[in-house]
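Residues 2 to 226 in this note's numbering are what the sequence shown lists, from first letter to last.
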Amino acid sequence: MKEERKVELLEELLPQDPVERVKTLDELDILLMRYESAIREIRTKFEILNDELSLLGHQNPIASISSRRKTLSGILEKLKRQGFPMTLESIEENLTDVAGIRIICSFVDDIYKVAKMLQQQDDIKVLLIKDYIAKPKPNGYRSYHMIVEVPVFFSNEKRPMKVEVQIRTIAMDFWANLEHRMRYKKDIEAADEIIDELKECADNIAATDEKMMIIREKIRSVSSD
2 MKEERKVELL
12 EELLPQDPVE
22 RVKTLDELDI
32 LLMRYESAIR
42 EIRTKFEILN
52 DELSLLGHQN
62 PIASISSRRK
72 TLSGILEKLK
82 RQGFPMTLES
92 IEENLTDVAG
102 IRIICSFVDD
112 IYKVAKMLQQ
122 QDDIKVLLIK
132 DYIAKPKPNG
142 YRSYHMIVEV
152 PVFFSNEKRP
162 MKVEVQIRTI
172 AMDFWANLEH
182 RMRYKKDIEA
192 ADEIIDELKE
202 CADNIAATDE
212 KMMIIREKIR
222 SVSSD
(Lines of atoms letter the chains of each structure in order from A; the text may use other names.)
(Lines give C-alpha, C1' and ligand atoms only; values in the text may rest on other atoms or scores of the structure.)
Protein backbone atom coordinates (compact mmCIF):
# COMPACT_ATOMS: atom_id res chain seq x y z
CA MET A 2 0.00 0.00 0.00
CA LYS A 3 2.85 2.36 0.86
CA GLU A 4 4.56 1.64 -2.45
CA GLU A 5 1.32 2.32 -4.32
CA ARG A 6 0.99 5.65 -2.53
CA LYS A 7 4.60 6.52 -3.40
CA VAL A 8 3.97 5.81 -7.10
CA GLU A 9 0.76 7.86 -6.98
CA LEU A 10 2.54 10.88 -5.48
CA LEU A 11 5.51 10.52 -7.82
CA GLU A 12 3.14 10.67 -10.78
CA GLU A 13 2.03 14.11 -9.60
CA LEU A 14 5.64 15.25 -9.54
CA LEU A 15 6.67 13.89 -12.94
CA PRO A 16 5.70 15.52 -16.26
CA GLN A 17 3.89 13.48 -18.88
CA ASP A 18 6.42 14.07 -21.65
CA PRO A 19 8.79 11.04 -21.67
CA VAL A 20 11.93 13.11 -22.21
CA GLU A 21 11.05 15.61 -19.48
CA ARG A 22 10.06 12.71 -17.24
CA VAL A 23 13.53 11.16 -17.44
CA LYS A 24 15.13 14.56 -16.94
CA THR A 25 13.06 15.21 -13.80
CA LEU A 26 13.96 11.79 -12.36
CA ASP A 27 17.66 12.54 -12.91
CA GLU A 28 17.26 15.94 -11.25
CA LEU A 29 15.44 14.30 -8.34
CA ASP A 30 18.36 11.91 -7.79
CA ILE A 31 20.76 14.87 -7.83
CA LEU A 32 18.62 16.80 -5.33
CA LEU A 33 18.51 13.87 -2.90
CA MET A 34 22.28 13.48 -3.27
CA ARG A 35 22.70 17.15 -2.36
CA TYR A 36 20.75 16.61 0.84
CA GLU A 37 22.91 13.58 1.68
CA SER A 38 25.99 15.75 1.10
CA ALA A 39 24.64 18.49 3.38
CA ILE A 40 24.13 15.90 6.11
CA ARG A 41 27.77 14.83 5.78
CA GLU A 42 28.92 18.45 5.97
CA ILE A 43 27.06 19.17 9.22
CA ARG A 44 27.87 15.79 10.77
CA THR A 45 31.57 16.30 10.09
CA LYS A 46 31.45 19.72 11.76
CA PHE A 47 30.03 18.23 14.95
CA GLU A 48 32.52 15.35 14.92
CA ILE A 49 35.45 17.77 14.57
CA LEU A 50 34.14 19.99 17.37
CA ASN A 51 33.76 17.00 19.66
CA ASP A 52 37.26 15.69 18.82
CA GLU A 53 38.79 19.10 19.46
CA LEU A 54 37.16 19.47 22.88
CA SER A 55 38.31 15.97 23.79
CA LEU A 56 41.94 16.78 22.90
CA LEU A 57 41.76 19.99 24.91
CA GLY A 58 40.84 17.96 27.96
CA HIS A 59 37.19 18.95 28.12
CA GLN A 60 34.48 16.41 28.72
CA ASN A 61 32.95 15.48 25.39
CA PRO A 62 29.62 17.36 25.19
CA ILE A 63 28.29 15.07 22.45
CA ALA A 64 27.28 11.53 23.44
CA SER A 65 26.16 10.47 19.97
CA ILE A 66 25.36 11.74 16.49
CA SER A 67 22.74 10.28 14.15
CA SER A 68 21.45 11.46 10.81
CA ARG A 69 18.73 10.71 8.32
CA ARG A 70 17.42 11.87 4.99
CA LYS A 71 13.63 11.88 4.71
CA THR A 72 12.40 9.15 2.36
CA LEU A 73 11.03 10.13 -1.04
CA SER A 74 7.59 8.97 0.11
CA GLY A 75 7.88 11.15 3.19
CA ILE A 76 8.97 14.16 1.14
CA LEU A 77 6.13 13.87 -1.35
CA GLU A 78 3.56 13.10 1.35
CA LYS A 79 4.54 16.24 3.26
CA LEU A 80 4.30 18.42 0.15
CA LYS A 81 0.83 17.02 -0.51
CA ARG A 82 -0.35 17.27 3.10
CA GLN A 83 0.75 20.88 3.47
CA GLY A 84 -0.63 21.95 0.10
CA PHE A 85 2.70 22.85 -1.51
CA PRO A 86 3.29 22.49 -5.27
CA MET A 87 4.49 19.03 -6.30
CA THR A 88 7.75 20.18 -7.88
CA LEU A 89 11.48 19.80 -7.21
CA GLU A 90 11.73 23.54 -6.59
CA SER A 91 8.98 23.28 -4.00
CA ILE A 92 10.96 20.68 -2.03
CA GLU A 93 13.90 23.06 -1.60
CA GLU A 94 11.77 26.13 -1.00
CA ASN A 95 9.19 24.73 1.41
CA LEU A 96 10.64 21.75 3.29
CA THR A 97 13.26 22.31 5.97
CA ASP A 98 13.53 18.79 7.39
CA VAL A 99 14.50 16.68 4.37
CA ALA A 100 18.02 16.43 5.82
CA GLY A 101 18.26 15.88 9.56
CA ILE A 102 20.96 15.57 12.21
CA ARG A 103 20.29 14.56 15.82
CA ILE A 104 22.84 15.35 18.50
CA ILE A 105 22.53 13.66 21.88
CA CYS A 106 24.22 15.34 24.85
CA SER A 107 24.67 14.17 28.42
CA PHE A 108 23.70 17.48 30.03
CA VAL A 109 21.30 20.31 29.22
CA ASP A 110 23.96 23.03 29.27
CA ASP A 111 25.96 21.02 26.71
CA ILE A 112 23.05 21.44 24.32
CA TYR A 113 23.43 25.21 24.30
CA LYS A 114 27.21 24.94 24.16
CA VAL A 115 27.07 22.71 21.07
CA ALA A 116 24.44 24.90 19.39
CA LYS A 117 26.53 28.02 19.97
CA MET A 118 29.64 26.38 18.52
CA LEU A 119 27.77 25.53 15.34
CA GLN A 120 26.25 29.02 15.05
CA GLN A 121 29.67 30.64 15.33
CA GLN A 122 31.00 28.93 12.21
CA ASP A 123 31.12 31.54 9.46
CA ASP A 124 29.80 29.26 6.71
CA ILE A 125 26.68 28.35 8.69
CA LYS A 126 23.55 30.45 8.29
CA VAL A 127 20.94 29.95 11.01
CA LEU A 128 17.46 30.29 9.52
CA LEU A 129 15.33 29.34 12.52
CA ILE A 130 15.67 28.31 16.16
CA LYS A 131 12.94 26.64 18.22
CA ASP A 132 13.90 26.13 21.85
CA TYR A 133 11.51 23.49 23.18
CA ILE A 134 13.67 23.19 26.31
CA ALA A 135 12.99 26.73 27.47
CA LYS A 136 9.41 26.46 26.19
CA PRO A 137 8.33 22.79 26.05
CA LYS A 138 5.44 21.68 23.86
CA PRO A 139 2.13 21.12 25.70
CA ASN A 140 2.69 17.35 25.62
CA GLY A 141 6.03 17.74 27.43
CA TYR A 142 8.33 17.44 24.40
CA ARG A 143 11.74 19.04 24.97
CA SER A 144 14.50 19.51 22.42
CA TYR A 145 16.52 22.28 20.80
CA HIS A 146 15.80 22.67 17.08
CA MET A 147 17.77 24.63 14.51
CA ILE A 148 17.24 25.02 10.78
CA VAL A 149 20.61 25.87 9.28
CA GLU A 150 21.89 26.42 5.77
CA VAL A 151 25.31 25.06 4.81
CA PRO A 152 27.15 25.55 1.49
CA VAL A 153 27.91 22.30 -0.28
CA PHE A 154 30.54 22.29 -3.03
CA PHE A 155 29.98 20.23 -6.16
CA SER A 156 31.96 19.94 -9.40
CA ASN A 157 30.37 22.98 -11.03
CA GLU A 158 28.61 24.91 -8.29
CA LYS A 159 28.30 25.83 -4.62
CA ARG A 160 24.81 25.08 -3.31
CA PRO A 161 23.30 26.25 0.01
CA MET A 162 21.33 23.37 1.53
CA LYS A 163 18.97 23.34 4.51
CA VAL A 164 19.48 20.90 7.38
CA GLU A 165 17.37 20.43 10.50
CA VAL A 166 19.47 19.97 13.65
CA GLN A 167 17.89 18.56 16.81
CA ILE A 168 19.90 18.63 20.03
CA ARG A 169 18.65 16.94 23.20
CA THR A 170 19.78 14.98 26.23
CA ILE A 171 19.80 11.19 26.43
CA ALA A 172 16.70 11.27 28.63
CA MET A 173 14.85 13.67 26.31
CA ASP A 174 15.63 11.41 23.37
CA PHE A 175 14.38 8.31 25.17
CA TRP A 176 11.11 10.11 25.97
CA ALA A 177 10.71 11.44 22.40
CA ASN A 178 11.18 7.97 20.89
CA LEU A 179 8.52 6.49 23.16
CA GLU A 180 6.10 9.35 22.51
CA HIS A 181 6.67 8.99 18.75
CA ARG A 182 5.77 5.28 18.88
CA MET A 183 2.61 6.05 20.83
CA ARG A 184 1.58 8.88 18.49
CA TYR A 185 1.56 6.63 15.43
CA LYS A 186 -0.31 3.79 17.07
CA LYS A 187 -3.93 3.74 15.95
CA ASP A 188 -6.87 2.80 18.17
CA ILE A 189 -4.65 2.54 21.25
CA GLU A 190 -6.49 1.79 24.47
CA ALA A 191 -6.31 4.28 27.33
CA ALA A 192 -4.68 6.85 25.04
CA ASP A 193 -5.59 9.80 27.27
CA GLU A 194 -4.12 8.06 30.30
CA ILE A 195 -0.88 7.33 28.45
CA ILE A 196 -0.64 10.95 27.26
CA ASP A 197 -0.97 12.13 30.86
CA GLU A 198 1.66 9.64 32.02
CA LEU A 199 4.05 10.74 29.28
CA LYS A 200 3.60 14.37 30.27
CA GLU A 201 4.39 13.47 33.88
CA CYS A 202 7.47 11.55 32.73
CA ALA A 203 8.63 14.53 30.66
CA ASP A 204 8.42 16.80 33.71
CA ASN A 205 10.29 14.24 35.83
CA ILE A 206 12.98 13.92 33.15
CA ALA A 207 13.44 17.69 33.05
CA ALA A 208 13.87 17.76 36.82
CA THR A 209 16.32 14.85 36.65
CA ASP A 210 18.37 16.54 33.90
CA GLU A 211 18.60 19.64 36.09
CA LYS A 212 19.61 17.58 39.12
CA MET A 213 22.28 15.74 37.10
CA MET A 214 23.92 19.06 36.20
CA ILE A 215 24.01 20.03 39.88
CA ILE A 216 25.62 16.70 40.80
CA ARG A 217 28.16 17.08 38.00
CA GLU A 218 29.19 20.49 39.33
CA LYS A 219 29.58 19.06 42.84
CA ILE A 220 31.86 16.33 41.46
CA ARG A 221 33.88 18.93 39.55
CA SER A 222 34.31 21.11 42.63
CA VAL A 223 35.58 18.13 44.63
CA SER A 224 37.97 17.14 41.83
CA SER A 225 39.44 20.66 41.67
CA ASP A 226 40.18 20.81 45.41
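Glycine residues also receive a C-beta, built at the ideal position from the N, C-alpha and C atoms.
Segment contact, 8 Å Cβ cut-off, at least three pairs: the region 115-127 with the region 180-200: Counting C-beta pairs closer than 8 Å gives fewer than three between the region 115-127 and the region 180-200, which falls short of the contact rule.
Span of the beta strand (DSSP E), counted from its first residue to its last, around TYR145: Here the beta strand (DSSP E) through TYR145 covers 145-154.
Taking DSSP's pairing of strands, which residues face ILE63 in a bridge? CYS106
What residue from LEU50, ASP197, LYS212, VAL23 has the CA that sits closest to MET118's CA? LEU50
Using DSSP with H/G/I as helix, E/B as strand and the rest coil, what is LEU96? coil
Which residues DSSP lists as bridging VAL1, in chain order: A query on residue 1 cannot be resolved here, the shown segment of the chain reaching from 2 to 226 and no further.
Is it buried or exposed, ALA207, if we count other Cβ atoms within 10 angstroms and call 16 or more buried? buried
Output yes or no for whether 8 Å exceeds the beta carbon distance between MET87 and LYS81. yes
Buried or exposed for MET34, please, with buried defined as at least 16 other CB atoms from any protein chain shown within 10 angstroms of its CB. MET34 should be labelled exposed.
Would you say MET162 and TYR36 are within 8 Å of each other, going by their C-beta atoms? yes
By DSSP, does LYS159 sit in helix, in strand, or in coil? Three-state result, LYS159: strand.
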